[in-house]
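Q:
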Amino acid sequence: MNKDTFEEKWEQMKDDVQTKWEKLTTEDLDAVKGNAKVLGDKLQEKYGMTKEAAEKAIEDLKEKFKK
Numbered sequence: 009m010n011k012d013t014f015e016e017k018w019e020q021m022k023d024d025v026q027t028k029w030e031k032l033t034t035e036d037l038d039a040v041k042g043n044a045k046v047l048g049d050k051l052q053e054k055y056g057m058t059k060e061a062a063e064k065a066i067e068d069l070k071e072k073f074k075k
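Going by my numbering, the sequence shown opens with residue 9, and the numbers climb by one from there.
1. With DSSP collapsed to three states, give me the class of K22.
2. Once DSSP output is grouped into helix, strand and coil, what is the label at T33?
3. Taking G48 as part of the alpha helix (DSSP H), name the residues at either end of that continuous run.
4. Applying the 10 Å Cβ sphere with the 16-neighbour rule, what's the burial state of K50?
5. Of the choices T33, E35, L32, A44, whose alpha-carbon is the least far from that of W18?
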């Protein structure tokens, strides 16, 4: 999934993201606006993930919504 597709599907993914990562607030999700890098930064900040772990989590999310 490329950057544009991630941004396009963000509204569909947002509920899943909030369910999976409950520490992310509505404000956090609004700040992401479909930007995978910002989501990664938020995961690192709120969950103490490494950059690599956050990137893997985002890739897994992308895979789920690839269809």
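We treat Cβ as the ideally placed atom computed from N, Cα and C, and that holds for glycine.
A: The short version:
1. helix
2. coil
3. From DSSP, the alpha helix (DSSP H) with G48 extends over 44-55.
4. buried
5. A44
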